[in-house]
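Numbering (full-length UniProt numbering), first residue to last: 1 to 503.
Structure (structure tokens):
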């Protein structure tokens, strides 16, 4: 095992480990500890909830031990002595992902464990420790990959937020401080602290805003960015205002936009007539609100997207003609398409939409779509035309949820046109087939040199298939042609290539 004593080999291992495993590696031996320190302390708060109480207490205590001795003496004057081990490394210098709220919560737990006194004294000590650690971290690193700030209903924390100028000074801040900003429940945050972020970090490239109100600070923050490329808006009020700012200030730079809304917001009526973001590469629109398609989706239909490769739309009740127009404006560059809806208003256009997918999405590698009684016959055409598909999933678009599709002739036809890149076919609509037709499907797939193929459905479970069906499934699985996976198990194959929209 001498190779594990080579730093470059250890680095190759460490970069694939989660934080919990990295933390354990710190205690293997001195050599491992020296090499794992930069990896763990790069983002020690990642998945911190999986840590033991002692582990996260160690993390914050390590940062406290890195404070100057004089500062520590001033913090804990008149309190029981705090004996801390002299740090072996400059731990703050490795940090690149700053978790504002988690650091505060860990300080709360550390002080509760160390000292016992009234809440006001707690607030004062916690806030003093937080300010010192915060200033140390900002002074030790010229720029961060990300900052995550989540509102916390706690008196001491709220005092910190309402006095942000103490946290951000000319000595500890640069104008490119944070590459990514993640603001959760920001409607609870005072405009002053959001405005501070706008002043100290104008080079943010990624921003996620969750449960936000569009206060003056948020307005300034979004407008002030010089190179904003990725924006996610999750349940934000005044969505119209945010979209207008993006349209006016970031239309040339923005390449990824995610909008997820659960409920109707009256300000949607104020969305401008057109949202022109022609350089988008990734667009995600997700809403269960009935009027979303009219008030928001409609605004995205007047732009030709020159570089759009990922389109993920799941909304309540669009006009199918809207989806047709959206696809026609994608310039035939889509590689990922997910198009789902709960209810559609113009069923006569379902056929047109399905044909538009075939004609305008020839470069797709991943497809999630709905088929109806009127369009199910186009399934072989879809699989035969989109020759780059690696994964395809189909849901039921029929207004009759109880309708069962007979794939006696269609599935064998699909077997004839399958292309070798396809590894996963999800038929997530109710269907039926005889054992003979199922065998023909697999024979045709085998003739096309299909290997390691997964058929994902709940229509072939033990309650729906005969012994003949099961024998056929077992035979072709043993040949390596394909295997059946029960959809209700909610498990996809390990080699699934689904695109991850998360930031």
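C-beta atoms are modelled at their ideal positions from N, C-alpha and C, and glycine is treated no differently.
Can residue 450 and residue 420 be called in contact, C-beta distance under 8 Å? yes
Taking all protein chains shown into account, decide if residue 3 is buried (16 or more other Cβ within 10 angstroms of its Cβ) or exposed. Model confidence at residue 3 stands at a pLDDT of 44, short of 50, so the residue's coordinates are unreliable; what they give is reported in the following sentence. Looking at its Cβ environment, which holds fewer than 16 other Cβ atoms inside 10 Å, residue 3 is exposed.
Neighbour-count burial assignment, residue 343, 16 or more Cβ in a 10 Å radius: exposed
Residue closest to residue 392, alpha-carbon to alpha-carbon, out of 301, 418, 283 and 407: 418
Go ahead and label residue 397 buried or exposed: buried means 16 or more other beta carbons lie within 10 angstroms of its beta carbon, across all protein chains shown. buried
By the DSSP assignment, the alpha helix (DSSP H) with residue 157 in it spans what residues? 155-161
Find out if the Cβ-Cβ distance for the pair residue 178, residue 147 is shorter than 8 Å. yes
Would you report the Cα separation of residue 399 and residue 37, rounded to the nearest angstrom? 57 Å
As assigned by DSSP and simplified to three states, the class of residue 214: coil
What does the alpha-carbon distance come out to for the pair residue 452 and residue 283? 31 Å
Residue environment, residue 88, which counts as buried when at least 16 other CB atoms sit within 10 Å: exposed
For a test of the three-state rule: what should DSSP assign to residue 452, helix, strand or coil? coil
Sheet register partners of residue 426 (DSSP bridge): 393 and 456
To the nearest angstrom, how far is the alpha carbon of residue 444 from that of residue 466? 21 Å
Checking 8 Å against the spacing of the C-beta atoms, do residue 191 and residue 216 come in under that value? yes
Judging by CA-CA distance, which residue of 76, 243, 413 and 145 is the nearest neighbour of residue 222? 243
Give me the Cα-Cα distance between residue 426 and residue 251, rounded to the nearest whole angstrom. 36 Å
Helix, strand or coil for residue 114, going by three-state DSSP, please let me know. helix
Among 336, 341, 302 and 317, the one whose alpha carbon lies nearest that of residue 329: 302
Helix, strand or coil, according to DSSP, for residue 312 in the structure here? strand
Could you check how far apart the C-beta atoms of residue 145 and residue 180 are, in whole angstroms? I think they sit under 8 Å. 6 Å
When the Cα of residue 75 is compared with those of 39, 94, 44 and 115, which residue comes out closest? 115
Grab me the residues of residue 482's own chain with a C-beta within less than 7 Å of its C-beta, minus the 5 sequence neighbours each way, in chain order. 442, 445, 450, 453, 454, 455 and 476
Only counting the same chain, and skipping five residues up and downstream in sequence, which positions put a Cβ closer than 6 Å to that of residue 368? 338 and 393
Residues in the same chain with beta-carbon distance under 7 Å from residue 15, minus the five sequence neighbours each way, listed in chain order, please. 39
Quick check: what's the CA-CA separation for residue 447 versus residue 414? 12 Å
Looking at the unbroken beta strand (DSSP E) that takes in residue 97, where does it start and where does it end? 97-99
Among residues of its own chain, excluding the 5 on either side of residue 297, which ones have a beta-carbon nearer than 7 Å to its beta-carbon? 285, 315, 318 and 322
Can you tell me whether DSSP reads residue 191 as helix, strand or coil? helix
Between which two residues does the alpha helix (DSSP H) carrying residue 23 extend? 19-25
Can you tell me the Cβ-Cβ gap for residue 210 and residue 228, rounded? I've got them flagged as a contact below 8 Å. At roughly 17 Å, the Cβ-Cβ gap does not stay under 8 Å, so residue 210 and residue 228 are not in contact.
Pop quiz: residue 280 and residue 255 are said to be a contact at Cβ under 8 Å. What is the actual Cβ separation, rounded to whole angstroms? 6 Å
Whole-angstrom C-beta distance between residue 26 and residue 92, which should lie under 8 Å: Between residue 26 and residue 92 the Cβ distance is about 16 Å, and since that is not below 8 Å, they are no contact.
Three-state secondary structure (DSSP) of residue 259: strand
Short Cβ contact (8 Å threshold) for residue 45 with residue 133: no
Could you confirm whether any beta carbon from chain C is found closer than 8 Å to the beta carbon of residue 99? Structure shown: chain C not included; a single protein chain is present.
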